[in-house]
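Enquirer: Before anything else, here's the structure in question.
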Amino acid sequence: GSTINSLQYLGGNLKNVLVFVNYAAEAFIPGSEREFLEKILGACNLKIEDIAIVNTSHQSLSSEDYIKIFHSTSLLAFGIQTNIFPEFSADEFFKTEYFQGIAVMKAPPLAQLNENSIESKQLKSRLWQSLKQFFNLENG
Numbered sequence: 001g002s003t004i005n006s007l008q009y010l011g012g013n014l015k016n017v018l019v020f021v022n023y024a025a026e027a028f029i030p031g032s033e034r035e036f037l038e039k040i041l042g043a044c045n046l047k048i049e050d051i052a053i054v055n056t057s058h059q060s061l062s063s064e065d066y067i068k069i070f071h072s073t074s075l076l077a078f079g080i081q082t083n084i085f086p087e088f089s090a091d092e093f094f095k096t097e098y099f100q101g102i103a104v105m106k107a108p109p110l111a112q113l114n115e116n117s118i119e120s121k122q123l124k125s126r127l128w129q130s131l132k133q134f135f136n137l138e139n140g
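Numbering (the working numbering), first residue to last: 1 to 140.
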């Protein structure tokens with residue numbers, strides 16, 4: 001991990017994409033979920049070096065602060081992030097919203113997306129459709 005303004009994060013932030021995860025028991029992100037996240041990013045032509053992963057369970061900043069610190073142009077939030085977005089509701093999953101002038105998308109926890117269940121496969125499909133729009137990816 002790296003530190004900026006005493007804030008710990010994982011990744012290189014080369015493309016100013018901020019990724020929020022929430023794991024109380026982990027420094028950043030568990031191995032299997034990091035692997036899964038890397039696959040998702042790969043499909044979006046992104047690598048860990050392009051993003052900054054922040055485990056919000058260990059930090060106490062507002063989303064505005066994170067966006068300023070990382071000069072973020074987009075933000076993906078996995079899991080319930082009530083400490084960052086107090087009005088958070090799961091109805092917002094997979095919708096692109098604009099906040100502080102940047103695109104924000106909230107999604108279910110990575111663990112839930114990475115299960116081997118029918119529900120999980122449907123969620124993954126919705127995530128992919130949403131990410132294609134979010135990152136303006138061509139079909140295919």
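Note that the Cβ used here is the ideal one computed from N, Cα and C, for glycine as well.
Residue 23 to residue 55, Cα distance in whole Å?
Expert: Position 23 of the sequence shown, counting from 1, holds the residue named residue 23. Position 55 of the sequence shown, counting from 1, holds the residue named residue 55. Taking the straight line from one Cα to the other gives about 6 Å.
Enquirer: Go through its chain and collect everything with a Cβ distance to residue 140's Cβ below 8 Å, but skip five positions before and after it.
Expert: Your numbering for residue 140 matches position 140 in the sequence shown. In this prediction, residue 140 scores a pLDDT of 48, lower than 50, which makes its location untrustworthy; the coordinate-derived value is nonetheless stated afterwards. Closer than 8 Å at the Cβ level, and outside the excluded window around residue 140, lies no residue.
Enquirer: Is the distance from the Cβ of residue 33 to the Cβ of residue 114 below 8 Å?
Expert: The residue you call residue 33 lines up with position 33 of the sequence shown. The residue you call residue 114 lines up with position 114 of the sequence shown. Yes. Within cutoff.
Enquirer: Looking at C-beta atoms only, is the number of pairs between the segment 121–129 and the segment 72–90 that lie closer than 8 Å three or more?
Expert: Flag = no, the segment 121–129 and the segment 72–90 do not touch.
Enquirer: Given that a residue counts as buried once 16 or more other Cβ atoms are within 10 Å of its Cβ, and exposed if not, what is residue 84?
Expert: Position 84 of the sequence shown, counted from the first residue, corresponds to residue 84. Per the 10 Å Cβ criterion, buried.
Enquirer: Considering only the beta carbon of each residue, do residue 110 and residue 21 sit closer than 8 Å?
Expert: Translated into positions along the sequence shown, residue 110 becomes position 110. Translated into positions along the sequence shown, residue 21 becomes position 21. Their beta carbons are under 8 Å apart, which means residue 110 touches residue 21 by this criterion.
Enquirer: Which word fits residue 14, buried or exposed, when buried means at least 16 other C-beta atoms lie within 10 angstroms of its C-beta?
Expert: On the sequence shown, position 14 is the one that residue 14 refers to. Burial call: exposed.
Enquirer: With a threshold of 8 Å on Cβ separation, who are the neighbours of residue 96 within its own chain once the five nearest residues in sequence on each side are excluded?
Expert: Taking the first residue of the sequence shown as position 1, residue 96 is located at position 96. Once the five neighbours on either side are set aside, the close Cβ partners of residue 96 are 103, 104, 105, 130, 133 and 134.
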